[in-house]
Amino acid sequence: MVAHLLRLKLALLRNGLRRSPWQLVGMAIAGLYALGVVSTLIIVLVLLRNAGAETAHTAVVLGGSAALIGWGVIPVVASATDMTLDPSRFSTFAIPMRQMLTGLALGGLIGIPGVATTLVALATVVTWSRDVLPALAALVGACLGVMTCVVLAKVVTTATASLAASRRFKDISAIAFMVPLVLLGPIVAGVGRSVSASAGFLPEFARTLAWTPLGAPWALGGDVASGRPAEAAVKLLVSVAVLGLLAWCWKLLLERALVTPPYAGAGKRRGGRLGLFGVLPATPAGAVMARSLTYWIRDPRYSGSLVVIPLLPVVLGFQGTQTGSYGSLAFLAPVSAFILAWSISADVSYDNTAFALHLATGVRGVADRLGRALACTAFALPVVLVFSIGYAAFTRNWAALPGQLGLSLGILFTGLGLSSVVSARYTVTVPLPGDSPFKKPPGNVGQTMAVQFVGMMVLMVLVLPEGVLLAAHAIKGNVLFGWLNLAAGIVLGLALFLAGVRLGGKWLDARGPELLAQVNVNR
Amino acid sequence: MTAPIPDQASNSGPMAALSLRGLAKRFGGKIAVDGISLEVPAGSFFGIVGPNGAGKTTTLSMATGLLRPDFGTAVVHGVDVWQHPLQAKRLMGILPDGVRLFDRLTGEQLITYAGLLRGMDRAVVAARVGELLAAMDLTEDAGTLVVDYSAGMTKKIALASALIHAPRLLVLDEPFEAVDPVSATNIRSILDRYVASGGTVIVSSHVMDLVQRMCDHVAVVARGRLLAAGTVDQVRAGASLEELFVQLVGGHSHTEGLEWLRTF
């Protein structure tokens, strides 16, 4: 039975790859990345063989604990659990619980994260191959550690499954997770500084961790190598007990989950509130704009990227406090303009097959394009204005404002025009409606990257005039260039905006059905 | 081939509401629809039946402008769907099967959106949305997001979106799937009245009983081909539609064997 489950998992993986060659490409890229990380870690671990026992012990315990935390936290916040072997799908087959648990746990090792963790954990055996006994202890520890990782992930995901299935939780957690992710730089810098300020603290920290369930399995090899067999024995007991406890919890949770379907509660609400549909003009373009704006607020895949914008000045400002120069804040407005304008380049991919409604109602391509672009403009324009003026006020350099504003508006309008063209013709792989913003379905990775890369190149060429004028202003110091830049950004940008909406609309009219067929593949 | 101009066409007496000529589509190596020609008379309640994977959805997608055919034409009330898509879509209300909805809108917003996309007046849309919600028994849930609807409610809200512009032809792919009996009866009576006042309805289904009771015309499709078409009485010729269907499609051979199933 266990072998059956493993074979099923492998078959699912293989068939998934067979669906499209692009999926294979995506898997290969992820695999290469993992290979790079894994081989670096393995080399480090092999080199640690010749390092002092204390150093090696510290590194292995800290790394192992981090891996355990990762396995416990990432599946929940990213809602990116691998559900190919979702236990509830087996509820109609009478599989004995014990065999199902073993099968699912081993199945969790199949896949890039599982294989990578296993390989790195086994490399710790090399680190402690200073003698036979330490190597043996390390091997036991590695096996225990890896199994604890997998079972911990299963426990956490099973426990939060019913919570995570509720739409409201998914929406909120996805957006909330965005914040630490964006602030990762400052957080890492802060932690790194405090750690380096107390370098002597790390071995102490590792010794403490080694007594906790997080570090115990990873400490076995080091303890034996340093001649502390008694401590190793206690830690072995701790690790085995923790693994057993986790497995028992998982079993209980699974038994409960199999008989309680996830709760999908939502109260009834009468109508009467049309929201933006009652405010914006009652034209097709106005309706598309109202729909897009509603989605910018209600769909975490959109609002997730909106949350990033107010955090940008925080990140760049933090960089300023670190380096003492706030020069990078100059990029704030142009970068925000780019992010927001480019964000609608995947609009039809985000619609997925709901786009069929636009096709069925025969809305003109131009109206579709214009509505989406205007929805983005509605908040992107104020953001760009506030950031540009805010930067000028912060640096008290009002002379630079016209140029800065010209470049930012140029990027915004040109980018919106270009996005309107791109999303009318090319689909990219994006999270499906209702999924977490972090959960990209595999597939079509090649086209996604090609579209993104070429699109950005084209955008750079299109805003070249504004860029050149900005450079001219910076070099010559003549304010005239700044004002010219403002004029260019607005006039040229708006011209390209309209041209993009026109062209995108034409393409959409001509190739709507093909576009629908493309998003249908990404379903 | 010259496509008739809409205005002339609508003046020239009774004609087919939908006329398919040699529609064909293939996906990779698989031929999904293999040359289907079909006349749907105006004012008929037309059922398309066929086993799973027969090509019903593909055919209807090509007939309604959602999927470009490899070969063949589709003409709605004299307007070629693929030559004049915008005019043709004005005449049609479509309920596609297996596509998502803009489900982060409330039910009320979604129907309003469908109306406004078709360029309708705001006041007209508002009045019709209210009536449609009442007819579909969704008034109590009008302000709930569609993503939180049950499967049947979702079907009903999609149907309401297809009706908002008072089309002359309704193309409904599996309209009764997951819909509860009370709502199904309501929807049927709406459709009956619609047909009685001159509209044309095409429904696809694999529930023979339903089609036999509801429709006056029927077409049987299997493996991408049209096996029979006509009025229900013509096609079934005394037998029940289900018997005829199994006979036409030829799937009745597998009930031999399985003796072990009786040995528990």
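Protein chains in written order, with the UniProt record's numbering: chain R, 1 to 523; chain W, 1 to 264. In this text, a Cβ means the ideal position worked out from N, Cα and C, and glycines have one as well. Only a predicted model underlies this, so the values are computations on that prediction, with no experimental measurement involved.
Using a Cβ-Cβ cut-off of 7 Å, isoleucine 94 of chain W is close to Ala360 of chain R, given in chain order. Residue burial is scored here from C-beta neighbours: leucine 86 of chain W has fewer than 16 other C-beta atoms within 10 angstroms and is therefore classed as exposed.
Taken in chain order, the complete alpha helix (DSSP H) segments of 4 residues or longer contained in the segment 146-171 of chain W are 151-163. A direct Cα-Cα distance of roughly 18 Å separates glycine 47 of chain W from lysine 155 of chain W.
Excluding residues up to 5 positions away in sequence, Leu202, Pro203 and Ala206 lie with their Cβ nearer than 7 Å to the Cβ of threonine 58 of chain R in the same chain. Note: leucine 226 of chain W is bridge-paired with W:Val221 in the DSSP secondary-structure output. At least one C-beta of chain W is nearer than 9 Å to the C-beta of valine 363 of chain R. The C-beta separation of valine 76 of chain W from alanine 17 of chain W comes to about 7 Å, placing the pair in contact by the 8 Å criterion. Excluding the 5 residues flanking it on each side, alanine 392 of chain R has same chain C-beta neighbours closer than 6 Å at Trp398 and Leu401, in chain order. Judged by their CB atoms, leucine 169 of chain W and glycine 199 of chain W are nearer to each other than the 9 Å cut-off. The Cβ-Cβ distance between valine 38 of chain R and alanine 210 of chain R does not fall below 9 Å. Under the Cβ criterion of 9 Å, glutamine 247 of chain W is not counted among the residues facing chain R. Considering only R:Leu359, R:Gly63 and R:Lys251, the residue with the shortest C-alpha distance to proline 96 of chain R is R:Lys251. Residue pairing from DSSP places glycine 47 of chain W in a beta bridge opposite W:Val203 and W:Val218. Against alanine 356 of chain R, the close residues of chain W are Leu66, Pro96 and Val99, in the order they occur along the chain (beta-carbon pairs closer than 7 Å). Partner residues in the beta bridge of threonine 231 of chain W, as assigned by DSSP, are W:His217. Contact with chain R is absent for valine 49 of chain W, since none of that chain's Cβ atoms lies less than 9 Å from the residue's Cβ.
The contact set of alanine 142 of chain W on chain R, defined by CB atoms closer than 8 Å, consists of Arg269, Arg270, Gly271 and Gly272 in chain order. When the alpha-carbon of proline 284 of chain R is set against those of W:Lys89, W:Asp34, W:Gln247 and W:Met120, the nearest one is in W:Met120.
For the segment 75-93 of chain W, the residues whose beta carbon sits under 7 Å from a beta carbon of chain R are, in order, Pro85, Leu86, Lys89 and Arg90. Taking 9 Å as the cut-off, the beta carbon of tyrosine 426 of chain R is found closer than this to the beta carbon of valine 451 of chain R. Cβ neighbours of glycine 500 of chain R within its own chain (closer than 6 Å, five residues either side excluded): Gly417, Leu418, Ser420 and Val421.
Residue burial annotation: glutamine 404 of chain R is buried, with at least 16 other C-beta atoms found within 10 angstroms of its C-beta. Closest in C-alpha terms to lysine 89 of chain W, from the list W:Ile111, W:Leu66 and W:Glu108, comes W:Leu66.
Out of W:Gln247, W:Arg213, W:Gly93 and W:Gly130, the CA that lies nearest to the CA of leucine 357 of chain R is found in W:Gly93.
In the displayed model, alanine 54 of chain W falls within coil according to three-state DSSP, outside both helix and strand. In the three-state reduction of the DSSP assignment, glutamate 39 of chain W falls in the strand class, which pools E and B. Distances from the alpha-carbon of valine 207 of chain W to those of W:Asp233, W:Ile36 and W:Leu241 put W:Leu241 closest. Listed in chain order, the alpha helix (DSSP H) runs fully inside the segment 317-382 of chain R are 332-343, 347-351 and 356-361, counting runs of at least 4 residues. Using a Cβ-Cβ cut-off of 9 Å, leucine 329 of chain R does not count as an interface residue toward chain W, since no Cβ of chain W sits closer than that to its own. Put simply, the segment 298-316 of chain R does not touch the segment 353-367 of chain R. Fewer than three CB pairs are less than 8 Å apart. DSSP places methionine 92 of chain W inside the beta strand (DSSP E), whose first and last residues are 92-95. Segment contact: the segment 230-244 of chain R against the segment 143-151 of chain R, three or more CB-CB distances shorter than 8 Å; contact assigned. In the structure shown, the three-state DSSP call for leucine 214 of chain R is coil.
Contacts with chain W at 9 Å (Cβ-Cβ) include asparagine 352 of chain R. The beta carbon of phenylalanine 277 of chain R falls within 9 Å of a beta carbon belonging to chain W, placing the residue at that interface.
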